[in-house]
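K.L.:
Following numbering that gives the first Met the number 0, the numbering of the sequence shown begins with 0 at its first residue and continues without gaps. Where is the CB? At the ideal position from N, CA and C, for every residue including glycine. Everything numeric in this text was worked out from a predicted model, so none of it was measured. Sharing a structure below in structure tokens format, with a few things to ask.
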Amino acid sequence: MYRVSIIGAGVVGTAIGYLLKKSGYKISGIGSRTLESAYKAQHFIGEGEISTDLSAISKKADIIFITTSDDAIEGVCNKLVREKGINTGATVFHMSGALPSDILGSARNAGANVASLHPLQSLANVQEAVKNLPGSFFCLEGDDKAILIARDIVKGLKGKIITLKSDKKPLYHAGASVASNFLVATIRFGIELLEKAEIEKVVALEALLPLIKGTLMNIESLGIPLALTGPISRGDINVVEGHLRSITKEIPERLRLYIELGEYTLSIARNKGKIVDNDVKAMKSLFDKYLK
Ligand SMILES: NC(=O)c1ccc[n+]([C@@H]2O[C@H](COP(=O)([O-])OP(=O)(O)OC[C@H]3O[C@@H](n4cnc5c(N)ncnc54)[C@H](OP(=O)(O)O)[C@@H]3O)[C@@H](O)[C@H]2O)c1
């Protein structure tokens with residue numbers, strides 16, 4: 000049975016520890032900057048020695064997950080190596096989507112196998128994370144031996160794997176951020192417009208949620224561009240002009256954002272094929288007129 004140590008007892012560290020234990024791994028230790036977080040994680044996971052002496056924890060493990068904030072991963076890894084906290088032949092993972100496995104280079108030089116194992120999932124707290132991680136996609140990049148171990152871990156989580164070249168990670172992560180974080184931002188933008196229409200913020204979110212969920216279901220069943228609806232996809236230029244006029248009057252600081260999103264939506268509408276080049280041209284000139 001592999002012994003696993005978690006270094007960085009936050010949301011992801013705690014959740015992956017819990018799920019790995021459930022898959023049959025032994026959580027031998029949990030290290031964190033504060034004992035309080037390590038204790039909370041231990042309580043949730045149900046096992047593991049805890050300490051703020053990170054190398055004392057990592058040296059007792061075959062697999063080490065460094066699940067600190069991204070900015071701390073490389074420094075923590077270097078410290079573990081300096082303090083001889085990583086055994087030859089051990090496997091070290093980090094779970095950042097943006098950073099390559101090379102930031103674990105000091106562990107590789109010390110004889111470990113390293114990889115990044117990024118769950119393509121939004122993990123807002125530990126309870127949600129243990130529900131959402133199983134079945135997710137995991138993006139994998141690094142040394143062959145570490146990748147083999149990661150494949151087993153993902154299999155245990157009933158997840159799916161995407162492999163990636165190291166230098167493509169920032170683009171991959173930008174895509175994930177656009178689809179997830181900017182979705183939150185776009186919904187907030189929608190709520191702002193409803194608030195300007197004198198709908199209370201709480202009601203606005205409640206009212207928009209069925210629309211958002213319906214849209215996601217359309218994307219799931221029809222894909223993009225077929226899931227696109229609305230005035231831009233129909234070429235209803237007068238309706239779009241009404242939007243632009245109201246936004247200019249009520250919330251002009253958001254006009255640029257509306258137009259940027261509108262222009263991108265227009266390219267999707269063109270791909271859907273319900274509008275022709277002349278509609279696209281007319282809509283583009285309308286956007287240009289309001290940008291001036
Ligand atoms: N949350 C997500 O949606 C998500 C999704 C995919 C991947 N990830 C990745 O998962 C990793 C962890 O993210 P998270 O959301 O779990 O962050 P988090 O909840 O903020 O947890 C990070 C933990 O790292 C610990 N830490 C920070 N610096 C440390 C140091 N120098 N030494 C020891 N421990 C340190 C902190 O410990 P203390 O509490 O003890 O101070 C904190 O609990 C990141 O690489 C992130 O990119 C996150």
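Cutting at 6 Å between CB atoms, please list the residues of its own chain near residue 12, excluding the five before and the five after it.
P.N.:
Cβ neighbours of residue 12 beyond the five flanking positions: 5, 66.
K.L.:
Measuring only the C-alpha atoms, how far is residue 234 from residue 225?
P.N.:
Whole-angstrom Cα-Cα distance: 15 Å.
K.L.:
Would you check if the distance between the CB atom of residue 44 and the CB atom of residue 26 is smaller than 8 Å?
P.N.:
Yes, Cβ-Cβ distance for residue 44 and residue 26 is below 8 Å.
K.L.:
Could you tell me if the beta carbon of residue 54 falls within a distance shorter than 7 Å of some heavy atom in ligand 1?
P.N.:
Not so, every heavy atom of ligand 1 lies at least 7 Å from the Cβ.
K.L.:
Just the Cα atoms here: how many angstroms apart are residue 158 and residue 261?
P.N.:
Approximately 35 Å, taken between the alpha carbons.
K.L.:
Are the beta-carbon atoms of residue 90 and residue 108 separated by less than 8 Å?
P.N.:
Contact: no.
K.L.:
How would you label residue 117, buried or exposed, when you count the other beta carbons within 10 angstroms and need 16 or more for buried?
P.N.:
Classification for residue 117: buried.
K.L.:
Between the segment 251 to 261 and the segment 197 to 212, do three or more beta carbon pairs fall short of 8 Å?
P.N.:
No, the segment 251 to 261 does not touch the segment 197 to 212.
K.L.:
Compare the C-alpha of residue 166 against each of 141, 180, 189 and name the closest.
P.N.:
Comparing Cα positions, the closest option is 141.
K.L.:
What residue range does the beta strand (DSSP E) around residue 116 cover?
P.N.:
From DSSP, the beta strand (DSSP E) with residue 116 extends over 112 to 118.
K.L.:
Alpha carbon to alpha carbon, how far is residue 79 from residue 86?
P.N.:
Whole-angstrom Cα-Cα distance: 10 Å.
K.L.:
Extract the residue ranges of the beta strand (DSSP E) inside the segment 136 to 201, only unbroken runs of 3 or more that lie entirely within it.
P.N.:
Those beta strand (DSSP E) runs which fall completely within the segment 136 to 201 and span 3+ residues are 136 to 141, 159 to 162.
K.L.:
Between residue 93 and ligand 1, is there a pair consisting of the residue's CB and a ligand heavy atom that are separated by less than 7 Å?
P.N.:
Yes, Cβ of residue 93 sits closer than 7 Å to a heavy atom of ligand 1.
K.L.:
Determine the DSSP secondary structure at residue 2, reduced to helix, strand or coil.
P.N.:
Here residue 2 sits in strand by DSSP.
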